[in-house]
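One structure is given below, encoded as structure tokens.
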Amino acid sequence: MNWTKPQQRAIEARGNGLLVSAAAGSGKTTVMVERILSLALEGVPLDRMLIVTFTRAAAASMREKLSRELERRMQADARNTVLRRQSEALRRADISTYSSFLVNVLRQYYYLLNIPPDFKILDRPELAKMEDEALDEVLEGAGDVPHLEALERLLIKGGKDKSLCDAILLIYGHISIFPYPQKRLEEMLSDYASGGEIWLNALRNGFQEQLICLREDAEELKRLAPYVGGKNNCEQIAQYDMQLIEALIEAESFEDMAALKPAPYMSLRIKDGLSGAFRARHDVIKSALQGIMADAGEYAQLKEYGDLSYLRGCIEALFELVRRFSDALFRLKLEAGGFYFSDIDRLSAQLLDNPQAAFELKNRYDYIFVDEYQDNNKLQEHILSRLSKEDNIFYVGDVKQSIYRFRNADPSIFIKRERAFKAGGGENIYLNNNFRSCGGILDFVNYIFERIMKRETLGLEYDQNAALHPLENSWQTLLGTEKCACSLEACLHPAIPAEMLLLDYDEQARPDELGEYKKQKMEALAVARRVKELLNEPIYDPVIKCCRLPQLRDIVILARSANELSGIYQEVFKSEGIPLYTEPQAGLLSSHEAGVVISLLSLIAGKGDDDALLAVLLSPIGGFNEDELSRMRSYTPKGSFAQAAERYITAPDCGEVGLKLEEFYKKLENWSFLSYALPLEQLIWRIYEETGYFYYVSALPMGQVRAENLRQLARRAGEYMLSSGESLSGFLSYLEFGRKLGGDIEEGATLGEKDDVVRLMTIHKSKGLEFPICLLVSCGQSFNKNEMKQNIQLDGELGIGVKMRRLNNETGVFEARQSLARAAIADKKARESRAEEARLLYVGMTRAVSRLIIFGTITPKSQFAGGEYAVSHAGSFLDFIMPAILRHPDAEALRERFEGFEKEEGGGRIKINILEPASLTGAQAQSSAGLAAQSPSGDISYLEKRFERKYALTQATRLRSKRGVTELFSEQEKILRRPAFMHEITAAGMGNLYHTAMERLDIRGDVSIAGITSQLDAMAKAEIFSAEERALIKPERLSAFFEGALGKRLLGAEKIYREEPFCIWVEQEGERVLVQGVIDCYFEENGRAVIIDYKTDSARGDSEERAQRHRPQLEMYALAVKEIRGLDAEGWLYMFSDASFHRLV
21 MNWTKPQQRA
31 IEARGNGLLV
41 SAAAGSGKTT
51 VMVERILSLA
61 LEGVPLDRML
71 IVTFTRAAAA
81 SMREKLSREL
91 ERRMQADARN
101 TVLRRQSEAL
111 RRADISTYSS
121 FLVNVLRQYY
131 YLLNIPPDFK
141 ILDRPELAKM
151 EDEALDEVLE
161 GAGDVPHLEA
171 LERLLIKGGK
181 DKSLCDAILL
191 IYGHISIFPY
201 PQKRLEEMLS
211 DYASGGEIWL
221 NALRNGFQEQ
231 LICLREDAEE
241 LKRLAPYVGG
251 KNNCEQIAQY
261 DMQLIEALIE
271 AESFEDMAAL
281 KPAPYMSLRI
291 KDGLSGAFRA
301 RHDVIKSALQ
311 GIMADAGEYA
321 QLKEYGDLSY
331 LRGCIEALFE
341 LVRRFSDALF
351 RLKLEAGGFY
361 FSDIDRLSAQ
371 LLDNPQAAFE
381 LKNRYDYIFV
391 DEYQDNNKLQ
401 EHILSRLSKE
411 DNIFYVGDVK
421 QSIYRFRNAD
431 PSIFIKRERA
441 FKAGGGENIY
451 LNNNFRSCGG
461 ILDFVNYIFE
471 RIMKRETLGL
481 EYDQNAALHP
491 LENSWQTLLG
501 TEKCACSLEA
511 CLHPAIPAEM
521 LLLDYDEQAR
531 PDELGEYKKQ
541 KMEALAVARR
551 VKELLNEPIY
561 DPVIKCCRLP
571 QLRDIVILAR
581 SANELSGIYQ
591 EVFKSEGIPL
601 YTEPQAGLLS
611 SHEAGVVISL
621 LSLIAGKGDD
631 DALLAVLLSP
641 IGGFNEDELS
651 RMRSYTPKGS
661 FAQAAERYIT
671 APDCGEVGLK
681 LEEFYKKLEN
691 WSFLSYALPL
701 EQLIWRIYEE
711 TGYFYYVSAL
721 PMGQVRAENL
731 RQLARRAGEY
741 MLSSGESLSG
751 FLSYLEFGRK
761 LGGDIEEGAT
771 LGEKDDVVRL
781 MTIHKSKGLE
791 FPICLLVSCG
801 QSFNKNEMKQ
811 NIQLDGELGI
821 GVKMRRLNNE
831 TGVFEARQSL
841 ARAAIADKKA
851 RESRAEEARL
861 LYVGMTRAVS
871 RLIIFGTITP
881 KSQFAGGEYA
891 VSHAGSFLDF
901 IMPAILRHPD
911 AEALRERFEG
921 FEKEEGGGRI
931 KINILEPASL
941 TGAQAQSSAG
951 LAAQSPSGDI
961 SYLEKRFERK
971 YALTQATRLR
981 SKRGVTELFS
991 EQEKILRRPA
1001 FMHEITAAGM
1011 GNLYHTAMER
1021 LDIRGDVSIA
1031 GITSQLDAMA
1041 KAEIFSAEER
1051 ALIKPERLSA
1061 FFEGALGKRL
1071 LGAEKIYREE
1081 PFCIWVEQEG
1091 ERVLVQGVID
1101 CYFEENGRAV
1111 IIDYKTDSAR
1121 GDSEERAQRH
1131 RPQLEMYALA
1141 VKEIRGLDAE
1151 GWLYMFSDAS
1161 FHRLV
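If you read the sequence shown in this note's numbering, its first letter stands for residue 21, the second for the next number, and so on.
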């Protein structure tokens, strides 16, 4: 392979730590693989290298690429023993995510931390449940915390407990990314004892950054002043603005800055001159300076209030609650034998404080490789510093693609590392040859980011090291020339690869035909129409080295957020006949199909309410429509709908609807019984099969994804049972905790590479991918600023800030105002957020291979300002893009619409269109459903013969191949449990309660009436029984069993089996039938099995006669024990109603 010089250096450099800044599409993974292999060929064992990636998929891909390359080289040099040894070492090599690597480390050194070696990784719902329990414990015992009352007043919004819980969880999450969480709390508290200098300095620095940008803008204003013409005071205004800016820069205090505010501000006067460019720039400067001086006045006043002492007491109380919560939560995790991912990192940092472990781990690896270094957080950086030897580490990433602040990624780590290496601590290598995109797209990207990404505005400098360059004499530069390898005519006249399409939207002037179309929907329509046009515009395919027409799967639609857009685009693209795949947004638990099944499971477990019942009845599982449900409700207007449905069954005129409802309840009761007999995953699959719901959703649009969601739900149930071993009720609580606290399960995604559909996805999910045609949409959408509006603000350097709120004892009125700490942190976060939005735009624009089209919507009120300050305060992607585009030579039409911008030369070609809504009216394209109308003509009589064919073994089709024991011997005597939402307990339901009690009783403990009472009460507290169900279970009936001779034999047995499931084959009507069941209890005694079956039949009639009806059932249990255990058996029936024992086998 022909490496570029920077790539070659990254592969061959030795003896220094390396930081490789790999721009988008620069082949960083290929370079990293080659460096690893070159070291391996030099004799460095692969199992003495640590290779850390950001995702499991990236780790698997890295291992696969190394394996494939080793295999290729061994085929070329079969006698090379080094290659063979390295191939073997690759199997042992540590190539994984941080979490996977650290889990293995903790399992090795568990004894140094006093943690279990077989700990499990908690998922979000499990963690949420523990957090809830820990919070309850902390708040119940919080009465002794000093300043608690003041803290509650400070956080009163949303209710005391909720506000405190939210605050505790927020701060706990913040300190979890620091190596020493308790030390972090102390550091943040100490800031309140230092007079607030840390926040005052931060606010001053923020002002300085803004003023430096404004000074650059004022210089441009001075340059423009002589060209305005006519009568004006532009030169005086420019001088006035510059003097005010310089005075503000030199001001030593907020009071001095506020005192500079002029009253009034000098007015701009222009007569008969060209005011556009000058006025627009001056208005930005004037507004910014007025805002700065107003803020300075507010901060000066906040200093005078002296709130720090009061806030310190409140925060000290809050931190004490956080400490207690941290301790309680960790104790619960230890009891459960599990940790969350943040615990893994923190425990690993704690482990590396141990000299023995640190020494061994540091010397285990000769080389360390870190992928996606721009996404590291503080804790990961701390761990790496303990593992590396400084000269053996290889960092690779691109700080311009750091877009995961919400995951605590800290791009400043990358920037600090780059500066340290420049100062001599290592070597910086810049890979800026892009091998992905055509030259026209790279020119466009460079043109935009050279103008907006500067250290003063967005914290990064888009210089020559950052700029993207195509490979010389490649398809990227030869496309459209006679030297291109493609011989098609279209290749010599390709479309301009970079395009900007602006929808000119006016709410008051929408065409009648598009009257219902709001802004986003109309833009979606414009995107859909452009997609259709693109299918007829050839693109160059680097793989086949030729031009071809695009397919739908070549096109991706990228957006900052797809939650709101997903439904709109699905509707519009469907109406336009374009297949569209949208990435799952809401999560599995929020998907409709999973929601229906969860509602059904809640009914089965007796936890369902009217909403769950209605959801199931209206689904294909229930099969009812709105009219039928209305009839049920009208029959019983008052009370719950469950009561109305139950009463409707007994109505004399209920007709077929009543029969259908009765049949539904029978199914529900049968599933309720099976929930005790079957593992959860099997129960869910049985429901899928019996109702046909799985096949139904598979046939719907996006059926593959819907079906995968149902598979995921069943799979998660199985995993839950393996890890927790609890009941259906526990599984539902687990899901509810996850949903309530945002820990939804990721939806299934089954889209394959060959599925010919347009994709809509977020820019975040597109990172690392590439697409022939990218449409970047909704660029006029405002950035989300909710983060800066939160009451509590947290920052890694500035600590914690909260709004001031306290009761004035003299006036009895609450005082509420901003605090210096919160103002400083919110200001810093706003700047960091805008910088990340710019990086997000960069990631979106660099996904395209052949075509990049940017969509945005403008309105009559749209305004775009040029200059450094405007960029540093951008509120949307268009605010970043338009000031640069409006200077482009191809933007003449735009400059007529938006004044104040002068043409600049360079920047390649850009196609710019302003789209009028009227152009979107007219007939829609034919729907893809039209394909279904095509059918072959001719004789179809052969179909009649096929449908008339009779199956020879029709009798066997009427015989179920798998049956339950009670179902096998008596269809009328199933043990059924009535759903709890129907309120009244049936005899069969009572039987289930007693069976559950007998299954869960600790028979090695106290089985007296008092002991059993205590155990039952504990079960009710653990929500195994509801309070109503617990009241129905009589302890004396259970105790009576243990007082009998058979009960005493059971208590004396060594091997006892309770609720033992089985499956055996039996003959029925000449066919083999699989019979499944659950034996209530049996124990081994003198080499035999003693089977016990419990019954709660009514005490009416002869007890022995009633018992004999169950003989076949006991015989089947005896047969099962014989076949499975090889033991002869005696079978007993115990009747709780009269405490009688009956030997039946």
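Glycine included, C-beta positions come from ideal geometry on N, C-alpha and C.
Helix, strand or coil at residue i according to DSSP, with G and I counted as helix
i: Asp152; result: helix
i: Leu451; result: strand
i: Pro599; result: coil
i: His612; result: helix
i: Arg456; result: coil
i: Tyr200; result: coil
i: Trp1085; result: strand
i: Asp1113; result: strand
i: Arg871; result: strand
i: Ala29; result: Per the sequence shown, residue 29 should be read as Arg rather than Ala. Here Arg29 sits in helix by DSSP.
i: Lys140; result: strand
i: Gly1067; result: helix
i: His1162; result: strand
Top-ranked residue by Cα proximity to residue i, from the options
i: Leu720; options: Leu840, His612 and Trp705; result: His612
i: Leu328; options: Gln838, Tyr754 and His784; result: Gln838
i: Arg726; options: Val616, Glu646 and Ile232; result: Val616
i: Ala1162; options: Tyr1137, Arg1126, Gly1146 and Ala1149; result: In the sequence under discussion, the amino acid at residue 1162 is His, which differs from the Ala named in the question. Cα-wise, what sits closest to His1162 is Arg1126.
i: Pro137; options: Leu147, Glu924, Val125 and Val419; result: Val125
i: Ala850; options: Glu89, Gln230, Arg99 and Tyr212; result: Gln230
i: Ser353; options: Ile135, Leu491 and Phe464; result: Note on residue identity: the sequence assigns Lys, not Ser, to residue 353. Taking only the C-alpha atoms, the option nearest Lys353 is Ile135.
i: Leu268; options: Cys233, Ala297, Gly249 and Val158; result: Cys233
Contact under 8 angstroms by Cβ, residue i with residue j
i: Ala518; j: Gly460; result: yes
i: Tyr415; j: Leu59; result: no
i: Gly895; j: Ser802; result: yes
i: Arg301; j: Asp237; result: yes
i: Leu280; j: Leu264; result: yes
i: Ile874; j: Met520; result: yes
i: Asn454; j: Leu488; result: yes
i: Gln27; j: Val64; result: no
i: Ile641; j: Arg929; result: no
i: Pro1032; j: Pro1055; result: The question names Pro, but residue 1032 in the sequence shown is Ile. Yes, the Cβ-Cβ distance between Ile1032 and Pro1055 is below 8 angstroms.
C-beta neighbour in chain B for residue i, strict 8 angstroms
i: Gly750; result: Within the model displayed, chain B is absent; a lone protein chain is all it includes.
Validate contact between the segment 369–389 and the segment 407–414 using beta carbons, cut 8 angstroms, 3 pairs:
yes
What alpha helix (DSSP H) runs, 4 residues minimum, are completely inside the segment 623–710?
630–638, 646–655, 661–669 and 675–697
Those runs of the beta strand (DSSP E) which lie wholly inside the segment 395–423 and span at least 3 residues
413–417
Inter-stretch contact (C-beta, 8 angstroms, three-pair minimum) for the segment 279–288 and the segment 328–345
no
Count Cβ pairs between the segment 205–224 and the segment 840–850 that sit closer than 8 angstroms; are there 3 or more?
yes
Counting beta carbon pairs with one atom in the segment 1074–1094 and one in the segment 1026–1045, are three or more of them shorter than 8 angstroms?
no
Segments assigned beta strand (DSSP E), at least 3 residues, entirely inside the segment 36–104:
38–42 and 69–73
Counting beta carbon pairs with one atom in the segment 128–142 and one in the segment 349–364, are three or more of them shorter than 8 angstroms?
yes
Entirely enclosed beta strand (DSSP E) segments - the segment 892–924, minimum 3 residues
none
Give a yes or no on contact between the segment 879–894 and the segment 441–449, applying the rule of three or more CB pairs nearer than 8 angstroms.
no
Could you say if the segment 337–349 and the segment 849–868 meet the contact criterion of at least three C-beta pairs nearer than 8 angstroms?
no
Touching or not, the segment 577–593 and the segment 821–839, by the rule of three or more beta carbon pairs under 8 angstroms?
no
Within 8 angstroms, do at least three Cβ pairs link the segment 813–821 to the segment 793–800?
no
Start-end ranges of the beta strand (DSSP E) lying completely within the segment 328–392, minimum 3 residues
387–390
Using 8 angstroms as the cut-off, can you tell me whether the segment 863–873 makes contact with the segment 774–794, which would need three or more C-beta pairs spanning the two stretches below that distance?
yes
Using 8 angstroms as the Cβ pair cut-off and three pairs as the minimum, do the segment 672–681 and the segment 698–718 touch?
no
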